[in-house]
Every structure is written in C-alpha cells, then in structure tokens.
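Number of protein chains: 6
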Amino acid sequence: MNESALFFNTSTLDDWLQEDIGFFDLTSTLLEIGSRPAHIAWVARHSTIAACTEEVARMVLSRGGEPESCLSSGQTAGPEMPLVTARGPARALLDCWKVGQNLLEYACGVAARTRTLVQIADQIGPGVGILTTRKHPPGLRRTAQKAALAGGAFPHRLGLSETILVFPQHRALLPRGWADIREGLARHRRHLVEKKIVIEAADFDEACEAAGCGADVIQFDKAAPDLLAGWCPRLRTRWPGLRLLAAGGIHAGNVAAYAATGVDALVTSSPFSGPPADIGVRITPA
Amino acid sequence: MNESALFFNTSTLDDWLQEDIGFFDLTSTLLEIGSRPAHIAWVARHSTIAACTEEVARMVLSRGGEPESCLSSGQTAGPEMPLVTARGPARALLDCWKVGQNLLEYACGVAARTRTLVQIADQIGPGVGILTTRKHPPGLRRTAQKAALAGGAFPHRLGLSETILVFPQHRALLPRGWADIREGLARHRRHLVEKKIVIEAADFDEACEAAGCGADVIQFDKAAPDLLAGWCPRLRTRWPGLRLLAAGGIHAGNVAAYAATGVDALVTSSPFSGPPADIGVRITPA
Amino acid sequence: MNESALFFNTSTLDDWLQEDIGFFDLTSTLLEIGSRPAHIAWVARHSTIAACTEEVARMVLSRGGEPESCLSSGQTAGPEMPLVTARGPARALLDCWKVGQNLLEYACGVAARTRTLVQIADQIGPGVGILTTRKHPPGLRRTAQKAALAGGAFPHRLGLSETILVFPQHRALLPRGWADIREGLARHRRHLVEKKIVIEAADFDEACEAAGCGADVIQFDKAAPDLLAGWCPRLRTRWPGLRLLAAGGIHAGNVAAYAATGVDALVTSSPFSGPPADIGVRITPA
Amino acid sequence: MNESALFFNTSTLDDWLQEDIGFFDLTSTLLEIGSRPAHIAWVARHSTIAACTEEVARMVLSRGGEPESCLSSGQTAGPEMPLVTARGPARALLDCWKVGQNLLEYACGVAARTRTLVQIADQIGPGVGILTTRKHPPGLRRTAQKAALAGGAFPHRLGLSETILVFPQHRALLPRGWADIREGLARHRRHLVEKKIVIEAADFDEACEAAGCGADVIQFDKAAPDLLAGWCPRLRTRWPGLRLLAAGGIHAGNVAAYAATGVDALVTSSPFSGPPADIGVRITPA
Amino acid sequence: MNESALFFNTSTLDDWLQEDIGFFDLTSTLLEIGSRPAHIAWVARHSTIAACTEEVARMVLSRGGEPESCLSSGQTAGPEMPLVTARGPARALLDCWKVGQNLLEYACGVAARTRTLVQIADQIGPGVGILTTRKHPPGLRRTAQKAALAGGAFPHRLGLSETILVFPQHRALLPRGWADIREGLARHRRHLVEKKIVIEAADFDEACEAAGCGADVIQFDKAAPDLLAGWCPRLRTRWPGLRLLAAGGIHAGNVAAYAATGVDALVTSSPFSGPPADIGVRITPA
Amino acid sequence: MNESALFFNTSTLDDWLQEDIGFFDLTSTLLEIGSRPAHIAWVARHSTIAACTEEVARMVLSRGGEPESCLSSGQTAGPEMPLVTARGPARALLDCWKVGQNLLEYACGVAARTRTLVQIADQIGPGVGILTTRKHPPGLRRTAQKAALAGGAFPHRLGLSETILVFPQHRALLPRGWADIREGLARHRRHLVEKKIVIEAADFDEACEAAGCGADVIQFDKAAPDLLAGWCPRLRTRWPGLRLLAAGGIHAGNVAAYAATGVDALVTSSPFSGPPADIGVRITPA
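Here it is in structure tokens:
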C-alpha cells in the first residue's frame, strides 16, 4: 500500500513552515550562518516505518534546499537510517529542521503502530483488514491517514459525505427508531446504488434490527471479542452477504482477539495516539 | 492560567469543519432528520481538564446552532460532566459532533496530562515551572498550546523568531565553535536587549562554555536528574543571574526527580502524546 | 431531499463577493445612494426550483443587510415568486445583487433540469435513481451538487477518495488487464468492507468480466437503451446481488428510455449545462 | 486575442485539484498503478477552440508530471487533435484526469460558442464587438473570461469597481430619478476622467434621458433589433460621440440581427451556458 | 464621498489580527486581566479625517467586544475626539489595541493628506479632481484607497485589467512604436466601447502622437506646470473631447500650480507616504 | 545583518500579484505584445539600500520569467544600479512591473532610512541598537521588518505572544496598580525563565516602580534625551543588570541625542514612514 499519493496542497506545507518559523530564524540570523552550505539528515533512532518523508522533501525544496534522498512512505527504516537528507544554504535547512522532525515523529509513530496492528492481525488470519478512523485532532486528517496507509491500514470513512453510517445518535432523533431507519433507507435505496449502508450496533439484537433495515455492514461498537465470536457466524448464516466490522477500543493489546472473532475488518483509532517516533536531526557543514 | 484567549481565526474553524463534513452529512440527509430540533452534550466520561471548549461552541454557532453551556478552558470537569451543550436544528449539531469530540479528546487529554505534571512539580517545590515545547504534529500549535495553558503550563518558545536558542546543530556550522558563538552574540548584544539568550548544553562543561558566551539561560538536554542536581548549585554560584532549564525526555514518571534538581523550569513535550480523553456525545430530540 | 445542508465556508462566500465587487461599487458610491434604506427581491420570472437561496441570504447578512424571506432549496417557485428578499442600506443589497442573481440563475437552472429528469424517471418506475456526476467546471462542485440535491437527484461519487471506480483507463495501465484488476481487488478486499466496487463497462462482455472480478456495481458507459434492456436481466440472473448503472449521454430526451432499461440508477451530467433560470432583481426604496 | 495571460494563482489550481481528489485516488492506490510510467492526452472529439489548456498543463506539473504539448488558448483544435499531452507517474496524470477534462469541456465549450458569435457578427460588419458579461456562476469569472477571450470576445465590465454602469435599479433609489443621476454624475465628473459613464436604457426615450445626463455609452437592455436599428442613427446624429451597446438575450440565433442594428458592440452571456465540449482522455502506458 | 463601502473580507481582518497577536497576548494572560470588563477609545490627538474606523469596529466585534461608537470614514475628527470606542472583556480590547491604532494611524494620515490636496485644488478651481494611484506597498490597496476616498479623492486605475493605459514601456516593445499603438488600438476599437484609452506622454509632441493614435485621455508624466499650462489649451483646441491628466511628483507643495494648468485631474501617490496620524489609545476599567 | 531570510509564503506573493493584475493586463493584451521576448530592470535612481529584491525575483519566476540578477537585501545600491533584472515573455515582466516597483520603493525606502539611523547611532557609540517597532499599517509586518533588517536594525517585539511588555494601559486595569503587577509577575516567574520582563515607564519614578516589580528592561516612552541621560546612570547603579530602552518619537533628527543618553537601544517606528525610494523600471525588447 505504499502506492498512495495523498494530496497535500502548497498552502498546507507553507502554513506548517510559517507556524514554526514565525517571521524568520532569529538564532541563525544572529549567528550569521544562513548562507553557509550545509547538509541535513533526519534519522530514525530506532526501527520504524517511513511516513510523510515526501512532504519533508517538498518543504526543503520550497525553501531553496535540494533534497538528496528520501525513503518512500511505507518503507521500513532500520535504526540510524536516514529518512530524508538534503543540502543547501543553512537557512533553508534550519527553517525545515523542527517542522520536518515533528512531522516525521508523528507520522512514523502512527505508521509503525499501524504496521504492528496489521502484522498481528495477519498472523491470526490474512483476511482481516485494519481500518483507521477519523478520530484525531482536527486539522490532522491528511497526515494521520497518509501515515496509516504507510503502515498498511486503510482509511475507514474520511468524512460525513462519503458513506452512510447510522449511529444510535441518529436513531435517537427518529420518533419511531428502527422503523424510521428502515423506511428512510428504503425510500432512498435508488440513490445508494454505489454506497454501502453501515449501521452501528451494540449487540446481537441491534445487529439483527440493523440487518433487517437493509444494512450492508454492521459495525459493532465496543463488543467484547468472545461475544462477537458468537454473533458473527449466526449473523452470516442469516444474512449471507452481510459484512461485519468491530470498532471501539481496539488496540495492540487486544487486536489478536478481535481478529479471531470472524469479523471482516477492525476499525481502530489507536495508532493515532502513542509516543512519537524518535527522529534525530544531524546538521553538518557541506 | 485560565485567562488565555488563544487566537483561532474563522478560517481555521471552517477548515476543521470542512475536513470532517466534506460536502454534506449524507446520513442525516438520507434519514431526513436535519431540521428536527435537537440537543447535544459533549460529556467527559472521566475527570479531566476542559480545553478548547470555546472553539467547540464557536463551531456550533457558525453552523446555526445555539451554544447553551460551555465549561471554560482550564476548569476541572468531573466524570459525566458536560463540557459543552447546545441546541438547534439537528444538522447543525451533527455537523459539529465528531469534530468537536475529536478536538475535546485531544485537548482535554493534553490539558489533563499537563495538569498532572504541574501538580507533581508543585509538590516538590512551587517555584518550578512546566514549559511545553513545539514538538507536536505540524498544524497543531494553537490547539496544543491552548490545551497546555489550560493545564497550567506555559509555552516554551513558539517559533524560530521569538527567542535565541542556540543548539549544537548551530555550533556545528560555525568553524570556530564556541568562539564564534561568543563573538556572534557579542556583536549583536545591542539588538538583544529584550531577549534572553538560551543555549542548549549536554553537560556541565558545555554549560560553562555557554555561560561564558553570554547565555542568560542554559537548557540542559537529556541530562540525568542526579547529575543535574550536582551541576545547578555550582553554576548558580559561578553565574548568579543564570537561569536553568531541563529538557529532553521529561514525563510524569520522572518529573518529580527533575523538579528536585534545582532548575528553574522543566521543558517537556510529553503532554502532547498519550491517550485522548474519553468524551461521550449525547444527542437527543429537543 | 430538501434536507441537505451542504457546507459552504465563510471564505467561499467572501470570495464570490470579492470576485464581483472588486474593491467597491463605483456606481452607487458616485450616486451617493449607499446608505439609503432599500429593499431587494430576487424573483423567478418562470416556475423553477429554489436552490442556493440560503447562500444568497448569508451573503446579504455578511454585508450588513437583513434577509427577510428565503424559499428553501428544493421548494418549487411559481412565476414571479420571490426566492429571497432582504432589506438594509442600499450598498449591502447592491453588493449582493448580481452575485446573488448569478448564483440563483445557475443553481435554480440546475435544480429545475434535475427535477425534470427525476419526474420523467419516476413516471417510468419509482425505483430508478438519478445520480449527478462531478462533470462541471472546476470550483463549482458544492454549488452544482446542492442544486442537484434540491432537484431531487443524489450525487454520484464526489471525488477520487470516496469510492472505487475502475475505468478502462485504469485497465490500460495494467499489463494483464482484467486479471490484474481481479487480483488487485482480491488483495484488498478486506480494506473494502465499507465500499462498493464499481467497474465501468462498455458492453455485456465487459460487464461479465467486471462482475467476475468482484464488482458490486457495473456502470455502463454510453450503451444504447435497447441493448441495456437486454443485458440487465441476464446479468441480474447470473449475479443476483449485482447493481447496475447507466451513464454517458443521458438527458431529458432519453431519460425515459434509460429508466425503462432495468438499471438501478442513471448517472448524468446533463442538468449542469443548459440555460440559466431567469431571475429578476427588484430594488426599491424602503 | 490569444495573447491574454489571465492570472490564476497557485491556490486556485490547488483548490480545483483538492475538490476532485479529496484525500487520494482510492482506485489507483488499490490497483497499485500509481508509480507506473504513463502518458495522457486530452483530445477534442470534434472541432473546437482551445481554452485553459495552459492551466491543465500547470496542474500536471504541480502533481509531478511533465507536460509534453499544449495547444495555446485561442487556437482551433480539429477533431481528434490533442489539446494537452503529458507523461509521468500514473498517479500524477490520474489526479489531473477529470479536473483537466472538466476544465477543458467547459472552457472550450465557451470559447467555441464565443467564436461562433464573433464570426457571425464579423460577417455582418467587422466593426461590431462581442463583449461577454459577468453572468455565470460565482467563482467562475477567470475561467469564463479566459475562455471568452480565447474565442475572440472581450470582457464587458469585470466587477463593480471597474466602470460606472447605471441601472434602472439605481434610479429607483433616487427620489428625483434622472435629475439625481444627472446631478450626481456632474458633481463627480472630475473623478471620472479615465472612466466612461454607461447608462442602461430600455428604449429611445430613456436613451435620450441618459445621454442628457452625460452618458458616454448607452446600453440597451432587451430592445428588439428592428427598434434598435431605428434608434441608433437618431441617437448618433443627436450625440455624435455617443457609443451604443445592445444587451439582453443576445445569442447565436439573433446575433446577426443585432450586429446589423448599428450598435458598436453586443453584450452577451450566451457563450457561458450550453453543452460542454466533448473531450476524450486517453491514458496509456509510457 | 463618504458613501464608499470598500469591501474587506473576513479573512483580511483575521489576518491583521493574527499578524499582531501571534498566538495569544502573553502580557494580559500573565497579569490575569483578560476577563475584566474594560473600555477602549481610539482618540485622534490632533485634527484629522476618520478612515477605516469601520474596520476597527469589525475587529473588536470579531474578538467578542462591543463597539460603542464609530466616526464614519470621511468625517473630520477634532483633536481629542474619539474615532472608535468599545467595551467588553479586556482581552478582546487588548487584542485589537495596536492593530486598530496602526490601521487608524496610517488610514487617517492618508485621508488627511488627501483632504489637504483636495482642498488646495478646490481653491484653484472646483473642477480639478484628485486621483490616487496604486503606488503603495503591495497588500495595502484596499486600506490605501479607502483612506483616499475618505479624504475626497478618487482612485485612479486600481489594476491592470481595469483600463487601457499605454506607457512608454509598452511602446518600447513595439517595433514600429506609435504606428503599432495606433493600429493595435484601431484593431480593438470595437472591444473598447466601455473603456477610455489613456496614453502617457512626456511632452506636447508625444501628446499629439497619442491623440492621433486615438487616446481619449493624455496622462502627462512629470511635466512642469508652466509647460503644461501652455500645452493644454492647444490640445483641447485640436482635440475638443480630449481629457488631460497630470501625474508624477504632484504633492501638497505643487498641487496648486498643477491645479491651475488646465488639466482635468491630478494623479498623485503623495498621500500614501508621510507621517502617520497620532492616535492615542485609552483603556480603562468599565 | 544581511543574513535574514524572512519567510514569505507563496500565497502572499500571489496575493500581491492578484491585487495589482486583477484579471489580466488589458493593455498588453490589446497591444498583442505579451509573448514578445523582453528584458526588465528595476533600477535605483539614487543611492539606497536593497530590500525585498528576492521577493521581486520570486514573483517574476512565478509568472514564467527568468530572474537574471538580484542585489541581496542589505546591500548598498549606487545610483542607476539595477536592483533586479530579468528576462522572459513580456507578459510575465509586465505583470510584475508595478508590484515589484511598489515593493522596492517601500522596502528600499525603509531600509535606507533605517541605515541612516543605525549609522548616526554608531557614530555616537557602537553599543546602541536600533530596534524597529510593529507600528505600520496592518498586513505589512513581513515587508517592513525585512526592510528594517536590511537596513541594519533589529525587530522589537513582533507580536503579543513574543514578550512581556507591560504598558500603563495594562496597569489601568489592575485595581492595585503596581502592586498587582509585582504580584502577577512574581506568581508567574517560573514561567518566564526564557523571557525578559519589559515595563514601559514615563519617568524616573515609574522606572523605579517597574524595576521594583522585577522588570528586566525599562522602556521609556517619550522621555526627553536630557532627562533620560540623567536617569540612566542612577538606574544602572541601583539595578546593575537592568537594561534600558528609549521609545517614542525617535527619528533621524534626534537619534544622536537619544543614542548619547546611555540607554542600551532605541525603539523607533520612524523608518516605516517617509518618501518611497525612487525606483525606475526599464523594459526593453530582448
């Protein structure tokens, strides 16, 4: 899945630089080192998964430096392996130093945690996908999803206009509950030819209600793995085409148990939080 | 420190909404619930520190809902206590649901972890400040710092143009090392009347070099607490006005030890990563 | 489907105003009428479908006028019926005059043409959906889709990251053609739990290939209605769950024929071009 | 008139790409074809006028592809003639495919309809200009006017701050009507040295009023060609320097009649709506 | 001319605030005065012309304060007269303090210098207009022109797409010089019905060449007043409809001389530079 | 200090171009000279200090021209010396002509006035710095500060979040005045390790109060040089580490007197206003 070329526009990268630079780099200006030829290397201090390296290279280029090497997002970086290297006038490299480091620390951290989940799930059975949610701080969607893709996961819905996902909170606003959902979906079935209908359920009974309403996919929220393992075969028997997702509180510590329940994929936010990767930055004269 | 009114412009909040909404909320459109009167409450499922609640209220308002209550950033929220509540047409509230939840989960998580560090440090001695770095994913500076301020910390430098902070990476670009730093700073002393000169040092010898170059503040990077405890009094004796910072790898597990070393403040990125606060969202007819 | 609240951010409406105003309204400045109290009405000169009226009202409000009435998007406007009315200082109303008129002329035109397609298709059989494509000039997606929703259609995919849609152009890049598509989709099936796989086909044989590759939906491009009518039952017999779309050159003149072919929905760009609605603007002293 | 280099800034092209791509191209990512070398050609399926080809080439370049050929805006494209061709990694080309096609379909359509109007008018008499209005959906001004320029027309006023254009709607806000217009214009005559005063008139009497107020140009709105043909010589006799425009409902079907009336130029919005040009896109391995 | 409502969009005002605030007001946060009720008054320390006061009030409102009074742009402010007053939480007012002061100091300074030029010219003869150029630092056009309008001037061309203005620099690129200009303008005369053709000339001979090419207006650059006074009647005799402008180095010290030359209007950049108005800011508890 | 690389993002330069170009260059389009090969030179008509030349070169490049030479910001330009030269199609150069000229006229003007202040102060004693304030029209911070840096000054605080600067206006909001300042600063001393505390004072007594509150720096506002000369030694004796600034009304006419008072640096806004540098633009065929 290292094929993804997630779209970051010019102004996003410029905004990141401006957030960190402010007006100008006071320290290098005072030390009068801005025009000295220099070399920079962002180096992983431990084994990790490269992610958002391409954006670091683009930032260097936009400041007037020359990227030299760039490990593609999705590749494994061994300890002390450079993720990105570049050369150019010191000011170009110093402007990108911390913002590049911060980007790589977050993105490689997410990618590596994602890769772990994928590998554990693969050991249980190769058919269970890892889907990453949109639960991360606002403004981070592109970074977070590029990193998750680099780790081998795939994005769960990326926004409200992409898929139908009926939550209990929607049901609470409908006076007749499940009946209104069934009728609402039936009324618009012709509009949903390209879309799957996903309904969140808390337990087996809700899953049956949801399937009866026409759900293509049931997304179980916070169901225990042992209960889920019991429900899945019964649901598949009754609705053969039904696809099943487990969501809510899935992490490296329980992903194996969830992967063994018989669902089709696991929906998780866990890679988005955790320690950043430890990325060192070496700056030397060139 | 709940006085801070960190500036978020209109387009930032709009960008957050657009990132999550995309074009429109497909599910509520299909279920035809958009114009039903509704009520929403973002509720902390455990005790936490409110942060960025004001921005959630502003987003609701911008979509046509009416904020009803809003715990100020910096206040403690007990379990099951609503952080923000609002009413209005369902579409206004559903558009803000997840983006509000994501914002609060990150910001309250950062604020609560910050508060813990502050409280531990305060038990050791009330004079030790907690300063939060700019090490977080690009694009998150305002959110991260507003949350840290809500937790009782204070921002370390917010960008390159704010303070002089000389790193070993700068020194590496100067042919004569410390001598060039000393001369560079001396040459510009008249420009630095309002600024303190901060120099990062790895150990006692480097700290002495730095102080000799005219540093107002030494920032120790990754020095062990016991070593630091030995160095601080010697440095203060020799340079009475010198201020001392410890940075690098400081977290809840070692903050007490660092707070006892005799430095003036601790520089930390640790609140920025960790589990999000658990924020539930209750949506009901109104 | 008049429930939709498509998201337009503040800067989009500001950009529209600035595009038309430039710096300031030279004519009303010279005539010194800017502060006179005035009333404005955007009036449909013929029967049409209201669309993007809410955005006109928002623009008036942002310039300091007070919207008075606003026919909701999706409602039918009889001839000479006001779509939006407002009062305020003349300059606020004059600034919005043409940009509001231009918006309504395009959006109501699209909505009315869409409504016509929907009504013709409904007469043939109520189960055939009208899905509107993303084929319109760049920058117009939100306007075009809000108008199409107001007319009773529903958006086909809104962008590249929303659904899988395999075109012949993709196949041309795969050395083994259909075999590579089948294997590629199989390899990622676990990632596609929430997504339907849509494959474009030119004829019955390609449709069979596509279904054999695991397509959930076949989208026929430019197939003649009579051929399509023959293919649909054969495909549905062989792959009972398969959904079928017709696309390419569908318009008011042939929509009835296409709606009778037995496909589930019709994919069309035709409402996006055609004459604008004729919207008059009455400005009077108030 | 193929000299025009209408200014499109970087963020406009980026916004167009982002509108269509969303986050990333799901299909090519899944099929793992993103890095394959490919070639793309946007080809006119019928004779048309090239327009906005330069912007397609710029988008390809910004995504990392290499434009190979580009027919300049304003040139005639014969059937099956490539408008733009490029090569590069498939993902760069696929990202630009539809947005480029949509841009060319709209812009070439406008340019070709404009060229037709220009040619018809030229057959009547070479001195009659075609001026294109600002009546098109908001957000489209640059695209629409670049296309109209490519077709041989010229923009009528591009915004409120560019020229004085007095409409009946302005007059309605002045208690003394024409008298107030005359006095207002007289009061500011010294400010209007560089500007012409254009006044819209419905008929001969209004035109005389307008000329008496100091109009440099009369713009007739929806006057029938035969009436206009009678008024023009009388007006020119009475006010020799007066210039005359016909506007309102001018299109390919009546442009010859209007061109023969004796006005100086025809103001029209008709090229902005109509069928898009039919542009095919060929993507092949390279 | 105090009717003008120059369009400033929301993001411009937000950008101004962000430029000055950065992240948050450190001083008021530390002093914990942000939520105290306060009152602010921006006061002219000397007689001046109010300009951009409306934008100061809008900024206060956007930060959560309540504007109380606002002298309209164009009104005369006596010494110690408040231009804008507001109340609200101290943080809202302190955030706007300096940016409001900076805006008023520049804009009132420009407006007052403009007013002086207008008054001097009016004493010579009421028919000579003052037109302000686009020669000011990039990014300042709206502020500068709103201020100039407040002072009683009127904008000369606001950008390249607004009028035809042929400079010697254009002529230098044409192999046949004046002949090419004459032919180029003749070729496009039908496109220029609404536009005047302005040609810059250095002296009488160039003015004759320009008028012979079809210029509607001659703009003399840096011609001495006495020479100009000789040329004007000769030109008006020969080309009765010709309008005449003087530009280049016109300022308060020579405006009377230029106003007496017989030109129609004076084109000047001089109000844009000069000392800022002296605006005091009083902040008190409320 | 010609090392500074102040950060201007792509959209700032694009906005400057769009502000001046509007839609397209009407004149060169009509004269059909856009594609002719041309050469441009921005030339100082008198001796000045180059500033923002790099941004002019970047604009030329972004329009498709090729910068040929560029005097670095901070270098001295003799009379008739080109600041920036470039070649390319005429349209690229004509689009940048005035916006480049305007930028250079303002920036070189500021830089030259700054250089004068710096040189006068240096003659009095090399230890007195010139610090430039943030008092300039909103939107101009980057341009103004880059120019001031080019002239040899250094920026005073660039925004509210950078330093602590207590004004009388803050004191007015504290019920107990100085006492509240002292306590507020003491309460947050641990947060201010990296920051200096600057307090504005009107006279000697206020300076003593401020120093007693813990000020690191006293900024005198509008104190007469002779009084200041008396206060400085007394303050330095009493608070040996205290740094002293003079601000308010310092300009070329009194900078020598202020530089001789014994303060550490002078805070001034005076370079930001004054006549623009006179920059000629030569455009020739190439």
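Chains as they are written, first to last, in my numbering: chain A, 1 to 286; chain B, 1 to 286; chain C, 1 to 286; chain D, 1 to 286; chain E, 1 to 286; chain F, 1 to 286. We put the beta carbon where it would ideally sit given N, CA and C, even for glycine.
What's the call for Gln219 (chain F), buried or exposed, on a 16-neighbour Cβ count within 10 Å?
-> Residue numbering aside, residue 219 (chain F) sits at position 219 when the sixth sequence is read from its first letter. Gln219 (chain F) comes out buried.
Got a sec: is the Cβ-Cβ distance from Val193 (chain A) to anything in chain C below 9 Å?
-> Walking along the first sequence from the start, residue 193 (chain A) turns up at place 193. It does; some Cβ of chain C falls within 9 Å.
At which residues does the alpha helix (DSSP H) containing Arg243 (chain C) begin and terminate?
-> In the third sequence, counting from the first residue as 1, residue 243 (chain C) sits at position 243. Counting along the chain, Arg243 (chain C) falls outside any alpha helix (DSSP H), though it belongs to the beta strand (DSSP E) covering Arg243 to Ala247.
Quick one: residues in its chain with C-beta nearer than 8 Å to the C-beta of Ile120 (chain C), no 5 flanking neighbours on either side, listed in chain order?
-> The count along the third sequence starts at 1 and reaches residue 120 (chain C) at position 120. Only Ala252, Val255, Ala256 and Ala259 meet the Cβ criterion.
Under 8 Å Cβ to Cβ from Val43 (chain B), same chain only, skipping five residues before and after it: list those, please.
-> The count along the second sequence starts at 1 and reaches residue 43 (chain B) at position 43. Beyond the five residues adjoining it in sequence on each side, Val43 (chain B) comes within less than 8 Å, by CB distance, of Glu80, Met81, Pro82, Leu83, Ile279, Gly280, Val281 and Arg282 in the same chain, given in chain order.
Mind checking who Ala44 (chain D) pairs with in its DSSP beta bridge?
-> Taking the fourth sequence and counting its residues from 1, the one referred to as residue 44 (chain D) is at position 44. Its beta-bridge partners are D:Ile279.
Determine the extent of the beta strand (DSSP E) in which Ile197 (chain B) is found, giving its start and end residues.
-> As a working note, residue 197 (chain B) is residue 197 in the second sequence. Start and end: Ile197 to Ala201.
Identify whether Asp221 (chain C) lies in helix, strand or coil by the three-state DSSP scheme.
-> Mapped onto the third sequence, residue 221 (chain C) falls at position 221. In the structure shown, Asp221 (chain C) sits in a strand (DSSP, three-state: E or B).
Starting from the beta carbon of Gln18 (chain E), find every residue of chain B whose beta carbon is closer than 8 Å, and list them in chain order.
-> Stepping through the fifth sequence from its first residue, residue 18 (chain E) is reached at position 18. Near Gln18 (chain E) (Cβ distances below 8 Å), the residues of chain B are Phe7 and Asn9.
Within-9 Å CB hit, Asn2 (chain A) to chain B | In the first sequence, counting from the first residue as 1, residue 2 (chain A) sits at position 2. Bear in mind that the predicted position of Asn2 (chain A) carries a pLDDT of just 48, short of 50, making it unreliable; the figure below should be weighed with that in mind. Not closer than 9 Å to any Cβ of chain B, the Cβ of Asn2 (chain A) fails to qualify, so no.
Beta-carbon proximity list for Ala287 (chain C), same chain, < 8 Å, skipping 5 on both sides | Here chain C covers residues 1 to 286 and nothing more, so residue 287 (chain C) does not appear.
Which chain B residues sit within Cβ distance under 7 Å of Thr163 (chain F)?
-> As a first step, residue 163 (chain F) is located in the sixth sequence; it is residue number 163 there, counting from the start. Result: Glu194.
Does DSSP put Thr163 (chain C) in a helix, a strand or coil?
-> On the third sequence, position 163 is the one that residue 163 (chain C) refers to. Reduced to three states, the DSSP call for Thr163 (chain C) is coil.
Which partner residues does Leu266 (chain A) have in the DSSP bridge list?
-> Walking along the first sequence from the start, residue 266 (chain A) turns up at place 266. Bridge partners of Leu266 (chain A): A:Ile130 and A:Ala246.
Any beta strand (DSSP E) of 3 or more consecutive residues that is wholly inside the stretch 54-115 of chain D | 66-70 and 82-89
Check whether the Cβ atoms of Pro285 (chain A) and Pro168 (chain B) sit closer than 9 Å, and answer yes or no.
-> Walking along the first sequence from the start, residue 285 (chain A) turns up at place 285. Walking along the second sequence from the start, residue 168 (chain B) turns up at place 168. Going by C-beta atoms, Pro285 (chain A) is not nearer than 9 Å to Pro168 (chain B).
Within its chain, find whatever has a CB closer than 7 Å to the CB of Ser273 (chain F); leave out the 5 residues flanking it on each side and keep chain order.
-> Residue 273 (chain F) sits at position 273 when you count from the first residue of the sixth sequence. So no residue of the chain qualifies.
Rounded Cβ spacing between Ile197 (chain C) and Ala215 (chain C) (contact assumed at less than 8 Å) = Numbered from 1 along the third sequence, position 197 holds the residue referred to as residue 197 (chain C). Numbered from 1 along the third sequence, position 215 holds the residue referred to as residue 215 (chain C). Contact flag correct, Cβ pair sits at about 5 Å.
Residue from F:Pro240, F:Ser269 and F:Arg234 with nearest C-alpha to Thr261 (chain F) | Along the sixth sequence, read from residue 1 onward, the residue named residue 261 (chain F) stands at position 261. Residue F:Arg234 is the option with its Cα nearest to Thr261 (chain F).
Who are Thr284 (chain D)'s beta bridge partners in DSSP?
-> Residue mapping note: residue 284 (chain D) aligns to position 284 of the fourth sequence, counting from 1. The partner list for Thr284 (chain D) (beta bridge, DSSP) reads D:His39.
Counted within 10 angstroms of its Cβ, other Cβ atoms place Gln123 (chain D) as buried (16 or more) or exposed | Translated into the one-based positions of the fourth sequence, residue 123 (chain D) becomes position 123. Exposed is the call here.
Give the secondary structure of Pro155 (chain B) by DSSP, where H, G and I count as helix, E and B as strand, and everything else as coil.
-> Within the second sequence, residue 155 (chain B) is the residue found at index 155, counting from 1. Strand.
In chain D, what lies closer than 7 Å to His136 (chain C) by C-beta?
-> Against the third sequence, residue 136 (chain C) aligns to sequence position 136. The contacting residues are Asn102.
CB-CB under 8 Å to Ala202 (chain D), same chain, minus the five flanking residues each way: which ones, in chain order?
-> The count along the fourth sequence starts at 1 and reaches residue 202 (chain D) at position 202. Within the same chain, Ala202 (chain D) has close Cβ partners Pro168, Phe220, Asp221, Lys222 and Ala223.
Is the Cβ of Arg243 (chain C) closer than 9 Å to any Cβ of chain A?
-> Translated into positions along the third sequence, residue 243 (chain C) becomes position 243. Cβ-Cβ to chain A under 9 Å: yes for Arg243 (chain C).
Gly125 (chain D) to Trp239 (chain D) span [Cα, whole Å] = For the purposes of this step, residue 125 (chain D) is taken as the residue at position 125 of the fourth sequence. For the purposes of this step, residue 239 (chain D) is taken as the residue at position 239 of the fourth sequence. CA-CA distance, Gly125 (chain D) to Trp239 (chain D), rounds to 22 Å.
Ile49 (chain D) (DSSP reduced to helix, strand or coil) | Taking the first residue of the fourth sequence as 1, we reach residue 49 (chain D) at position 49. Reduced to three states, the DSSP call for Ile49 (chain D) is strand.
Contact belief for Leu165 (chain D) with Thr29 (chain C) at Cβ below 8 Å, rounded distance in angstroms = Taking the first residue of the fourth sequence as position 1, residue 165 (chain D) is located at position 165. Taking the first residue of the third sequence as position 1, residue 29 (chain C) is located at position 29. With a Cβ gap of about 13 Å, Leu165 (chain D) and Thr29 (chain C) do not count as contacting.
Does DSSP put Thr143 (chain A) in a helix, in a strand, or in coil?
-> Here residue 143 (chain A) refers to the residue found at position 143 when the first sequence is read from its first residue. In the structure shown, Thr143 (chain A) sits in a helix (DSSP, three-state: H, G or I).
Between Ala247 (chain F) and the rest of its own chain, which residues show a CB-CB distance below 7 Å, the 5 nearest in sequence each way excluded?
-> As a working note, residue 247 (chain F) is residue 247 in the sixth sequence. Result list for Ala247 (chain F): Gln219, Phe220, Asp221 and Val267, in chain order.
Taking only beta-carbon atoms, is Gly88 (chain E) less than 9 Å away from chain B?
-> Numbered from its first residue, the fifth sequence carries residue 88 (chain E) at position 88. No, its Cβ sits nowhere closer than 9 Å to a Cβ of chain B.
Based on Cα-Cα distance, which residue from F:Val60, F:Phe8 and F:Leu6 lies nearest to Arg87 (chain F)?
-> One-based indexing of the sixth sequence puts residue 87 (chain F) at position 87. Taking the Cα of Arg87 (chain F) as reference, the smallest distance to any Cα among F:Val60, F:Phe8 and F:Leu6 is reached at F:Val60.
Could you please tell me which residues of the stretch 27-39 of chain F, in chain order, have their CB closer than 9 Å to any CB of chain D?
-> Ser28, Thr29, Leu30, Leu31, Glu32, Ile33, Gly34 and Ser35
Give the residues of chain C in contact with Leu140 (chain E), contact being defined as C-beta atoms less than 9 Å apart.
-> Translated into positions along the fifth sequence, residue 140 (chain E) becomes position 140. Those within 9 Å of Leu140 (chain E) in chain C number zero; the least Cβ separation is about 12 Å.
Give the single residue among A:Leu158, A:Val118 and A:Thr116 whose Cα lies nearest to the Cα of Pro136 (chain A).
-> The residue given as residue 136 (chain A) occupies position 136 in the first sequence. In the sequence under discussion, the amino acid at residue 136 (chain A) is His, which differs from the Pro named in the question. Among A:Leu158, A:Val118 and A:Thr116, the Cα nearest to that of His136 (chain A) is on A:Leu158.
Three-state secondary structure assigned by DSSP to Cys213 (chain D) | Stepping through the fourth sequence from its first residue, residue 213 (chain D) is reached at position 213. Correct three-state label for Cys213 (chain D): coil.
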